[in-house]
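Asks: Encoded as structure tokens, here's the structure I'll be asking about.
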Amino acid sequence: MSSQINEAVIRDVITEVLSRLGSNGSAVSPAPAPAPSAPTASSSSYAPPSCGCNSGRSGGKHGVFATANEACDAAQQGFLQLQKKGIAARRKVEEIIKTMCADRAKEWGRIELEESKIGRLDHKIEKLQIIGLVPGVDWIRPDARSGDHGITLEEYTPFGVVGAITPSTHSIPTLAGNIVNIVAAGNSVVFNAHPSAARCAAMAVREFNKAIERETGIHNLVCIIEEPTLDSFKELCAHEAVRLLCVTGGPGVVKAAMQTGKRAICAGPGNPPVLVDDTACLKRAAESIIQGASYDNNLLCIGEKEVFALEHIADDLMQAMQTAGAVRLNAAQLDQLTRAAFTFKEGQGAGCPHPVVNRDLIGKDVSVLAEAAGIQVPDGTDLLFAETDENHPFVDEEQMMPFIPIVRVGSVDEGIRAALKAEHNYRHTSIIHSHNVNHMTAMARALDTTLFIKNGPCGAGLGLGGEGYLSFSIATPTGEGVTNPRTFTRVRRCVMVDNLRIY
Ligand code: NAD
Numbered sequence: 000m001s002s003q004i005n006e007a008v009i010r011d012v013i014t015e016v017l018s019r020l021g022s023n024g025s026a027v028s029p030a031p032a033p034a035p036s037a038p039t040a041s042s043s044s045y046a047p048p049s050c051g052c053n054s055g056r057s058g059g060k061h062g063v064f065a066t067a068n069e070a071c072d073a074a075q076q077g078f079l080q081l082q083k084k085g086i087a088a089r090r091k092v093e094e095i096i097k098t099m100c101a102d103r104a105k106e107w108g109r110i111e112l113e114e115s116k117i118g119r120l121d122h123k124i125e126k127l128q129i130i131g132l133v134p135g136v137d138w139i140r141p142d143a144r145s146g147d148h149g150i151t152l153e154e155y156t157p158f159g160v161v162g163a164i165t166p167s168t169h170s171i172p173t174l175a176g177n178i179v180n181i182v183a184a185g186n187s188v189v190f191n192a193h194p195s196a197a198r199c200a201a202m203a204v205r206e207f208n209k210a211i212e213r214e215t216g217i218h219n220l221v222c223i224i225e226e227p228t229l230d231s232f233k234e235l236c237a238h239e240a241v242r243l244l245c246v247t248g249g250p251g252v253v254k255a256a257m258q259t260g261k262r263a264i265c266a267g268p269g270n271p272p273v274l275v276d277d278t279a280c281l282k283r284a285a286e287s288i289i290q291g292a293s294y295d296n297n298l299l300c301i302g303e304k305e306v307f308a309l310e311h312i313a314d315d316l317m318q319a320m321q322t323a324g325a326v327r328l329n330a331a332q333l334d335q336l337t338r339a340a341f342t343f344k345e346g347q348g349a350g351c352p353h354p355v356v357n358r359d360l361i362g363k364d365v366s367v368l369a370e371a372a373g374i375q376v377p378d379g380t381d382l383l384f385a386e387t388d389e390n391h392p393f394v395d396e397e398q399m400m401p402f403i404p405i406v407r408v409g410s411v412d413e414g415i416r417a418a419l420k421a422e423h424n425y426r427h428t429s430i431i432h433s434h435n436v437n438h439m440t441a442m443a444r445a446l447d448t449t450l451f452i453k454n455g456p457c458g459a460g461l462g463l464g465g466e467g468y469l470s471f472s473i474a475t476p477t478g479e480g481v482t483n484p485r486t487f488t489r490v491r492r493c494v495m496v497d498n499l500r501i502y
């Protein structure tokens with residue numbers, strides 16, 4: 000009998016405890032489990048081979064490795080070290096990258112130009128001086144919800160190791176900006192740089208790591224493959240530790256990244272058109288076009304590449320461009336430059352030879368282009384231009400030279416249609432100079448680009464003279480837009496049921 004009572008009492012107690020637990024978890028308060036000191040599998044389950052020390056150092060030196068596999072293994076260790084050191088270490092890394100880029104801009108800008116041989120020294124330097132404008136740790140703030148059923152926190156948490164591909168057009172600036180974003184989000188990173196600007200990228204990684212090691216004790220947070228190849232790209236993408244890709248480059252690498260099966264944030268090609276209507280301030284339009292299209296010899300993916308101007312203001316616009324210092328080519332000079340700037344491959348294109356940009360002229364100085372066109376231009380000339388039709392190769396191809404074609408159009412509708420065709424659905428950047436909101440709206444809707452700038456140079460779209468923030472990786476085909484620390488995070492939700500709401 001007594002054992003029956005005992006069993007009934009015990010059953011009741013258990014039922015009561017379970018029901019109270021179900022409705023209010025605070026009914027029992029066991030001692031809290033200690034927070035795990037080592038990272039858990041939630042952020043990355045990949046366990047790299049141990050190198051026999053706690054620093055994460057392996058075959059490479061200061062983050063520079065011979066193979067992608069070594070670099071990825073080391074970066075995984077770097078990630079784990081960063082996880083232990085917390086937000087303060089992320090802040091320190093952000094400060095190191097920004098300060099070093101500003102302090103060494105002149106030296107590193109020169110080194111990058113000497114290696115890549117494209118662009119302009121003044122702008123190579125400036126692109127490093129402005130890395131301070133790239134958003135960092137302050138952008139990683141949780142979102143919270145509070146209500147009758149308690150509180151919920153959505154945290155922006157790291158993936159682990161990010162694989163990043165950088166372009167020849169701005170090697171160190173893209174690398175530095177990516178590091179600020181990626182590490183601010185708590186990740187480590189492995190770079191496969193463009194082969195024609197890989198030595199300067201490796202040098203920067205080495206210098207960054209020396210400072211990071213000294214200031215935080217973390218090794219191999221930022222890694223790079225010393226001699227990048229297509230094979231090292233494939234090895235990097237296939238490595239188990241790499242959870243996310245950040246690809247900045249042209250159509251080939253975007254396609255390759257999307258075929259890897261990994262999630263890829265792709266900052267792809269552009270061919271930004273500019274439309275100028277008859278309500279625009281032509282002086283402002285001319286000066287903006289020159290500023291944007293000549294920047295670093297037109298290497299920017301956001302840079303103005305072709306202009307469509309309403310017929311009855313086209314002459315005035317071209318006059319304004321000459322007044323602002325651009326040099327106009329006549330038809331014969333344009334023809335000569337076109338033959339130097341493009342080769343026409345038989346058998347490609349629909350019935351006619353397809354133009355292919357001559358890499359020898361990409362990013363070259365105005366004086367080199369002028370020589371190819373058979374003229375001399377005054378020192379300090381930033382941009383050449385000429386009138387063309389809308390089917391000209393300079394309109395159709397992303398040419399990346401300090402030359403811009405101007406096309407007359409009969410109406411705004413015709414200009415929008417031609418701009419859409421020239422943009423090739425990259426959905427990257429488009430620009431209008433106008434004070435007519437209907438024209439602005441129509442172009443914005445038709446072009447559907449990631450950046451749409453009104454009445455300013457392209458740089459305004461990245462916070463340089465317009466409101467906003469800077470990044471050298473604008474994710475266009477994959478839709479993340481101007482990349483920032485949140486782009487490199489996993490959103491994780493932490494829920495407290497029926498408690499901790501404080502009113
Ligand atoms: P690129 O495509 O030649 O090279 C970019 C990177 O991809 C390099 O590291 C290169 O080695 C690698 N690569 C190229 N083809 C590859 C392939 N098939 N498989 C694997 N890797 C490959 O570009 P680039 O000439 O250095 O840079 C200019 C291009 O990048 C332009 O099209 C420009 O618009 C674009 N770009 C875009 C952004 C953006 O934010 N959207 C920024 C800068 C440059």
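Residue numbering for the sequence shown follows numbering that gives the first Met the number 0, beginning at 0 and increasing consecutively. We put the beta carbon where it would ideally sit given N, CA and C, even for glycine.
1) Is the distance from the Cβ of Ile171 to the Cβ of Glu111 below 8 Å?
2) Taking the alpha carbon of Glu226 as the point to measure from, which residue in Leu220, Ala256, Phe190 has its own alpha carbon closest?
3) Going by other Cβ atoms of all chains shown within 10 Å of its Cβ, with 16 needed for buried, is Tyr155 buried or exposed?
4) Along the chain, where does the alpha helix (DSSP H) containing Cys199 start, and where does it finish?
5) Let me check you understand the geometry: is the CB of His193 closer than 7 Å to at least one non-hydrogen atom of the ligand NAD?
6) At the level of alpha carbons, what is the spacing between Ala184 and Glu303?
7) Using a 10 Å radius around the Cβ and a threshold of 16 neighbouring Cβ atoms, would you call Asn390 buried or exposed?
8) In three-state DSSP terms, what is Asn191?
9) State the Cα-Cα distance for the pair Ile501 and Cys493, rounded to the nearest angstrom.
10) Report the three-state DSSP secondary structure of Arg109 (helix, strand or coil).
11) If you draw a straight line from the alpha carbon of Ile405 to that of Arg198, how long is it in whole angstroms?
12) Whole angstroms is fine: what's the gap from Pro445's alpha carbon to Ala385's?
13) The beta strand (DSSP E) with Phe393 in it runs from where to where?
14) Whose C-beta lies closer than 8 Å to the C-beta of Leu127 among residues of the same chain, with five residues either side of it excluded?
15) Compute the minimum distance between the beta carbon of Glu422 and the heavy atoms of the ligand NAD, and state whether it is under 7 Å.
16) Where do the ends of the alpha helix (DSSP H) carrying Lys97 lie?
17) Judging by CA-CA distance, which residue of Asn483, Arg144, Gln318 is the nearest neighbour of Ser470?
18) Which residue comes first and which comes last in the alpha helix (DSSP H) that contains Thr173?
19) Buried or exposed: which applies to His427, given that a residue is buried once 16 or more other Cβ atoms fall within 10 Å of its Cβ?
20) Quick check: is any heavy atom of the ligand NAD less than 7 Å from the C-beta of Asn473?
21) Alpha carbon to alpha carbon, how far is Asp334 from Val136? Give it in angstroms, no decimals.
22) Out of Leu220, Asp447, Ser167, which one is the CA nearest neighbour of Gly480?
23) Three-state secondary structure (DSSP) at Leu316?
24) For a test of the three-state rule: what should DSSP assign to Leu243, helix, strand or coil?
25) From the DSSP output, which residues share a beta bridge with Thr428?
26) Could you check what DSSP says for Val376 in three-state terms: helix, strand or coil?
27) Would you report the Cα separation of Lys91 and Trp138, rounded to the nearest angstrom?
28) Report buried or exposed for Ser231, applying the criterion of at least 16 other Cβ atoms within 10 angstroms of its Cβ.
29) Between His434 and the rest of its own chain, which residues show a CB-CB distance below 6 Å, the 5 nearest in sequence each way excluded?
30) Work out the CA separation of Val246 and Thr477 for me, nearest whole Å.
31) On the CB-based measure, 16 or more other CB atoms within 10 Å of its CB, does Val275 come out buried or exposed?
32) Spell out a yes or no on whether the stretch 393-413 and the stretch 306-320 are touching, meaning 3 or more CB-CB pairs, one atom from each, closer than 8 Å.
33) Per DSSP, what kind of secondary structure is Asn23 in: helix, strand or coil?
34) Sorted by chain position, which residues of the same chain lie with C-beta nearer than 8 Å to Thr488's C-beta, five sequence neighbours on each side aside?
35) Would a C-beta distance cut-off of 8 Å place Arg89 and Val160 closer than the cut-off?
36) Roughly how many angstroms lie between the CA atoms of Lys60 and Ile224, to the nearest whole one?
Replies: From the atom records:
1) Yes, Cβ-Cβ distance for Ile171 and Glu111 is below 8 Å.
2) Phe190
3) buried
4) Following the DSSP letters along the chain, one finds Cys199 inside the alpha helix (DSSP H) bounded by residues 197-215.
5) With a cutoff of 7 Å, His193 counts as near the ligand NAD, since its C-beta is closer than that to a heavy atom of the ligand.
6) 32 Å
7) exposed
8) strand
9) 17 Å
10) helix
11) 38 Å
12) Here residue 445 is Ala; the residue named in the question, Pro, does not match the sequence. Straight-line Cα distance between these residues: approximately 26 Å.
13) First-last for Phe393: 392-395, but that is the alpha helix (DSSP H), not the beta strand (DSSP E).
14) Taking Leu127 as the centre and dropping the five residues before and after it, the same chain places the C-beta of Cys100, Ala101, Arg103, Ala104, Trp107, Gly108, Ile171, Pro172, Ala175 closer than 8 Å to its C-beta, in chain order.
15) no
16) 67-102
17) Closest by alpha carbon: Asn483.
18) 170-183
19) His427 is buried by the Cβ-count criterion.
20) Inspection of the sequence shows that residue 473 is occupied by Ile rather than by Asn. Within the cutoff, so yes.
21) 51 Å
22) Nearest C-alpha to Gly480: Asp447.
23) helix
24) strand
25) BP columns for Thr428 point to Leu450.
26) coil
27) 15 Å
28) Classification of Ser231: buried, given that the 10 Å Cβ count is 16 or more.
29) Taken in chain order, the residues that qualify are Thr278.
30) 10 Å
31) buried
32) yes
33) Low local confidence applies: a pLDDT of 35 at Asn23 is under 50, so the model's placement there is unreliable, with the coordinate-based value given in what follows. It is coil, neither helix nor strand.
34) Ile139, Tyr155, Thr156, Pro157, Phe158, Ala184, Gly185
35) no
36) 11 Å
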